[in-house]
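First the structure, in the form of structure tokens, and then the observations on it.
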Amino acid sequence: MKIIKDILDDIKKGENIDGYLALILGLICSFIGIFDVSQDYVLTAISTVLTFLALGILIDRKNTQKVSKLLEGLTIKQNDILAQRNKAFFYNNILESISNAKEEICILVRSGSTLKSFDEEIKKAIMRNCQVRIILCARNPETINSMAFRGHKTNNPNKIFSDIENSINNLTSLKEKINESQIYLLKIREIQYLPSIGFSISDPESSDGKLFALLASFRSESSVAPSILLNKKNDIDLFNYFKQEFDNYWEAANEITELT
21 MKIIKDILDD IKKGENIDGY LALILGLICS FIGIFDVSQD YVLTAISTVL TFLALGILID
81 RKNTQKVSKL LEGLTIKQND ILAQRNKAFF YNNILESISN AKEEICILVR SGSTLKSFDE
141 EIKKAIMRNC QVRIILCARN PETINSMAFR GHKTNNPNKI FSDIENSINN LTSLKEKINE
201 SQIYLLKIRE IQYLPSIGFS ISDPESSDGK LFALLASFRS ESSVAPSILL NKKNDIDLFN
261 YFKQEFDNYW EAANEITELT
């Protein structure tokens, strides 16, 4: 019964029609051969060829479908692995830039949710008398809606607004953990614009400066977006370009009322 059900399902979908037609013709030739002895051998041969042909077509297609599904599964797993690898690359490089900075850290992030993972490192950097400048996206409707429009999984404006609010609350808590004499080292602003790139720069004025940039993706996982890792010594022109971009964003950004 399952075989008949599978055949009927295939016919409804318009799949394997040629294979089933060959099988039916083979069966018809077999029945004719039974009742017409004069054509017995010829029809038997034809029916045998058609039957084997039909079975060959059907078996080959079933195997092809299995292989296709297997390859599809492998592709999905490969994409997941690449996404996880890129995500780790992203976090590790920001962590390194914060941990090794001696004078200044500049961070431009779209939602700020990323910063929660680096609270402790930012605190340690400030305790080393390292200045930290952070730019978040503003909570105005235009910016929020732009983020929702470009988003992949997070495309709900209310959820994005909540994420930024949580980021500000986290930064408020971080500020409370810093010695009063060093609070001035942590500066946070918001910009009423959705940047096309996020990046962190450690020691931008030093010859040992490092920069990590992540290009913004459009409706796809940010963890698979192209990234750039620069040492100032190796590519001073491109490094200075991104540094100037951050300074331009900083000048256009406003202080966050809750954090002043």
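All residue numbers for the sequence shown refer to my numbering, where the first residue is 21 and numbers rise by one.
Think of the CB as a built atom: it goes at the ideal place given N, C-alpha and C, for glycine as much as any other residue.
Per-residue DSSP class, three states only, for residue i
{"i": "K263", "result": "helix"}
{"i": "A272", "result": "helix"}
{"i": "F232", "result": "strand"}
{"i": "T174", "result": "coil"}
{"i": "D223", "result": "coil"}
{"i": "I198", "result": "coil"}
{"i": "S119", "result": "helix"}
{"i": "S182", "result": "helix"}
{"i": "P246", "result": "coil"}
{"i": "A145", "result": "helix"}
{"i": "N113", "result": "helix"}
{"i": "N189", "result": "helix"}
{"i": "A158", "result": "coil"}
{"i": "S137", "result": "helix"}
{"i": "S240", "result": "coil"}
{"i": "S58", "result": "Reliability of the predicted coordinates at S58 is poor, the pLDDT of 47 falling under 50, and no value is obtained from them."}
7 Å Cβ cutoff met for residue i and residue j
{"i": "I146", "j": "L206", "result": "yes"}
{"i": "I276", "j": "E210", "result": "yes"}
{"i": "I118", "j": "I125", "result": "yes"}
{"i": "G218", "j": "V152", "result": "no"}
{"i": "D257", "j": "L194", "result": "no"}
{"i": "M167", "j": "I155", "result": "no"}
{"i": "F262", "j": "L234", "result": "no"}
{"i": "L191", "j": "I208", "result": "yes"}
C-alpha distance - residue i paired with residue j, whole-angstrom precision
{"i": "S222", "j": "N178", "result": "33 Å"}
{"i": "G171", "j": "S240", "result": "7 Å"}
{"i": "I198", "j": "L214", "result": "29 Å"}
{"i": "N160", "j": "D255", "result": "36 Å"}
{"i": "L250", "j": "F259", "result": "7 Å"}
{"i": "F266", "j": "N149", "result": "21 Å"}
{"i": "L279", "j": "T163", "result": "20 Å"}
{"i": "Y269", "j": "F238", "result": "21 Å"}
{"i": "A158", "j": "S220", "result": "18 Å"}
{"i": "P224", "j": "E123", "result": "9 Å"}
{"i": "N10", "j": "S216", "result": "Absent from the structure is residue 10, since the part of the chain shown begins at 21 and ends at 280."}
{"i": "Q212", "j": "E185", "result": "15 Å"}
{"i": "N189", "j": "E196", "result": "11 Å"}
{"i": "S227", "j": "N274", "result": "29 Å"}
{"i": "E141", "j": "E271", "result": "25 Å"}
{"i": "K143", "j": "F169", "result": "34 Å"}
{"i": "N120", "j": "S137", "result": "16 Å"}
{"i": "K252", "j": "A236", "result": "22 Å"}
{"i": "Q98", "j": "S247", "result": "Note on Q98: pLDDT 46, under 50, position unreliable in the model; the coordinate value appears next. Between Q98 and S247, the C-alpha separation is close to 19 Å."}
{"i": "G229", "j": "E116", "result": "12 Å"}
{"i": "D183", "j": "A245", "result": "21 Å"}
{"i": "K173", "j": "Q264", "result": "31 Å"}
Identified DSSP bridge partners for residue i
{"i": "R153", "result": "C126, K207"}
{"i": "G218", "result": "L234"}
{"i": "N251", "result": "K230"}
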